[in-house]
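Enquirer: Just passing along the structure, written as structure tokens.
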Amino acid sequence: MYPKISNRRCKQLIVLCGCLLCSVTLGAQTIIAHRGASARAPENTVAAVKLGFALGADAVEIDIHRSADNKLMVIHDHTSERTTGVNYTVSGTKARDLRKLDAGSWKGEQFKGERIPFLKEVIRAVPREKTLVIELKTGPEVLPFLEKDIRKYGKGKNLVLISFYERTIVAAKAVFPDIPAYWLIGNLSTHTPETLIALAKKNNLDGLNMNYRLISAAIAEKVHHSGLKLLAYTVNDPEEAKKLKLLKVDAITTDIPETILMQLK
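Those letters in the sequence shown? Residues 290 to 554, by my numbering.
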């Protein structure tokens with residue numbers, strides 16, 4: 290489905306990522322690599338993060354859960370089964386046991402041995418002038434531990450916070466007023482666009498991060514007219530990306546950053 294890149298070329302691209310300089314803010318059609326370069330590398334691993342930047346993404350998005358011993362682990366699901374084959378509940382398992390799991394082999398033998406990363410490892414892998422988008426997959430109880438990691442490892446880094454949970458993203462913005470925060474919106478079943486905008490502004494959020502299928506010209510205009518930014522996820526169809534560009538969506542999240550970047554030139 291996607292053009293193949295040899296393992297040798299992947300390694301070359303990863304080396305080059307430290308030399309690529311892109312936008313440090315979400316805007317002007319920022320491209321965000323979803324869970325890293327997740328079409329080519331095992332999602333939410335250091336390899337996927339590095340490759341996402343190497344392929345030209347301005348930012349990389351990752352997901353975090355808290356382990357039983359309060360370590361922030363980079364993984365999408367609340368269990369480890371899908372990406373490691375071992376069914377541990379992340380919140381009920383100590384980090385040392387989660388770290389023993391192989392989170393790479395399912396994507397290819399060349400990724401064997403990739404681990405579920407600590408958040409601090411991913412933060413360290415972010416090149417200068419690039420951005421890390423952190424999706425909070427839990428309630429606000431994660432914030433004291435996130436604050437600790439950001440204070441210790443995030444100095445000088447460009448960070449963005451997102452969450453589907455209104456309570457979590459509002460609390461995150463209160464704890465981190467200087468870090469951009471976006472409310473993830475997957476449907477319009479409980480709020481109208483007008484109420485979403487009003488709630489975002491009331492809570493000092495920086496914008497909305499919407500499923501791209503929800504975004505119309507009218508919604509894009511309303512969000513931008515309010516002074517908020519509008520992000521779209523997860524866009525793997527180049528034609529859809531072109532439509533979103535015409536609507537002046539500020540950032541696009543995709544599994545295939547290199548393809549979307551090429552199409553939007």
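For every residue, glycine included, the Cβ atom is placed at its ideal position computed from N, Cα and C.
The structure presented is a predicted model; accordingly, all values stated were derived computationally and were not measured.
Can you tell me whether Ala530 is buried or exposed? The criterion is at least 16 other CB atoms within 10 Å of its CB, across all chains shown.
Expert: In the sequence shown, the residue the question calls residue 530 occupies position 241. Ala530 comes out buried.
Enquirer: Can you give me the Cβ contacts of Arg355 inside the same chain, cut-off strictly under 7 Å, excluding the 5 residues immediately before and after it?
Expert: In the sequence shown, counting from the first residue as 1, residue 355 sits at position 66. Taken in chain order, the residues that qualify are Leu361, Ser380, Thr427, Val431 and Phe434.
Enquirer: My understanding is that Leu390 touches Thr378, with C-beta atoms under 8 Å, so please give their C-beta distance in whole angstroms.
Expert: By one-based count along the sequence shown, residue 390 stands at place 101. By one-based count along the sequence shown, residue 378 stands at place 89. Rounded, the Cβ-Cβ distance is 13 Å, inconsistent with contact.
Enquirer: Please classify Asp539: does DSSP put it in a helix, a strand, or coil?
Expert: Residue mapping note: residue 539 aligns to position 250 of the sequence shown, counting from 1. Coil, per DSSP.
Enquirer: How many angstroms separate the CA atom of Met551 from the CA atom of Leu448?
Expert: For the purposes of this step, residue 551 is taken as the residue at position 262 of the sequence shown. For the purposes of this step, residue 448 is taken as the residue at position 159 of the sequence shown. Cα-Cα distance, rounded: 25 Å.
Enquirer: How many Å lie between Leu497 and Pro546 at the Cα?
Expert: Walking along the sequence shown from the start, residue 497 turns up at place 208. Walking along the sequence shown from the start, residue 546 turns up at place 257. Taking the straight line from one Cα to the other gives about 21 Å.
Enquirer: Could you tell me the alpha carbon to alpha carbon distance between Ala384 and Ser452, rounded to whole angstroms?
Expert: The sequence position of residue 384 within the sequence shown is 95, counting from 1. The sequence position of residue 452 within the sequence shown is 163, counting from 1. Rounded to whole angstroms, Ala384 to Ser452 spans 23 Å at the Cα level.
Enquirer: So, is Arg329 buried or exposed, given that buried needs 16 or more other C-beta atoms within 10 angstroms?
Expert: Residue mapping note: residue 329 aligns to position 40 of the sequence shown, counting from 1. Buried is the call here.
Enquirer: I need the DSSP call for Ile320, collapsed to helix, strand or coil.
Expert: For the purposes of this step, residue 320 is taken as the residue at position 31 of the sequence shown. Strand at Ile320.
Enquirer: On a Cα-Cα basis, can you pick out the residue from Leu425, Ile504 and Asn492 that is closest to Ile364?
Expert: Within the sequence shown, the letter at position 75 stands for residue 364. It is Leu425 whose Cα lies nearest to the Cα of Ile364.
Enquirer: How big is the Cα-Cα spacing for Ala461 and Gly443?
Expert: Taking the first residue of the sequence shown as 1, we reach residue 461 at position 172. Taking the first residue of the sequence shown as 1, we reach residue 443 at position 154. Their Cα atoms are separated by approximately 15 Å.
Enquirer: So for Asp391, helix, strand or coil by DSSP?
Expert: Counted from its first residue, the sequence shown places residue 391 at position 102. Looking at Asp391 - three-state DSSP - the assignment turns out to be coil, as it is neither helix nor strand.
Enquirer: Name, in chain order, the residues that DSSP records as bridge partners for Phe407.
Expert: The sequence position of residue 407 within the sequence shown is 118, counting from 1. Its beta-bridge partners are Met362.
Enquirer: Specify the secondary structure class of Tyr471 as computed by DSSP and reduced to three states.
Expert: Here residue 471 refers to the residue found at position 182 of the sequence shown. Three-state DSSP puts Tyr471 in a strand.
Enquirer: Would you kindly report the start and end of the unbroken beta strand (DSSP E) that includes Ala348?
Expert: In the sequence shown, counting from the first residue as 1, residue 348 sits at position 59. Start and end: Ala348 to Arg355.
Enquirer: For Ala392, collect the residues of the same chain with a Cβ closer than 7 Å to its Cβ; drop the 5 residues on either side in sequence, then sort them by chain order.
Expert: By one-based count along the sequence shown, residue 392 stands at place 103. Pro331, Thr334, Thr372, Thr373, Glu403, Arg404 and Ile405, listed in sequence order.
Enquirer: Using a Cβ-Cβ cutoff of less than 7 Å, which residues in the same chain neighbour Ser312 once the five nearest sequence positions on both sides are dropped?
Expert: Locating residue 312 in the sequence shown gives position 23, where the first residue counts as 1. Note on Ser312: pLDDT 32, under 50, position unreliable in the model; no value is reported.
Enquirer: So the candidates are Thr368, Ser327, Asp366 and Ile321; which of them puts its Cα closest to the Cα of Gly345?
Expert: Along the sequence shown, one-based indexing puts residue 345 at 56. Looking at the Cα atoms, Ile321 is the closest of the given residues.
Enquirer: Enumerate in chain order the residues of its own chain whose CB-to-CB distance from Asp539 is below 8 Å, with the five nearest sequence positions on each side excluded.
Expert: Numbered from its first residue, the sequence shown carries residue 539 at position 250. Here the set comprises Leu315, Gly316, Ala317, Gln318, Thr319, Gly496, Lys518, Leu519 and Leu520.
Enquirer: Excluding the 5 residues flanking Lys490 on each side, which residues of the same chain have their C-beta closer than 8 Å to its C-beta?
Expert: Numbered from 1 along the sequence shown, position 201 holds the residue referred to as residue 490. For Lys490, where only same-chain residues beyond five positions count, the Cβ hits under 8 Å are Ser515, Gly516 and Leu517.
Enquirer: Of the residues Val349, Ile549, Ile412 and Leu536, which one's Cα is nearest the Cα of Asp438?
Expert: For this step, residue 438 is matched to residue 149 along the sequence shown. Residue Ile412 is the option with its Cα nearest to Asp438.
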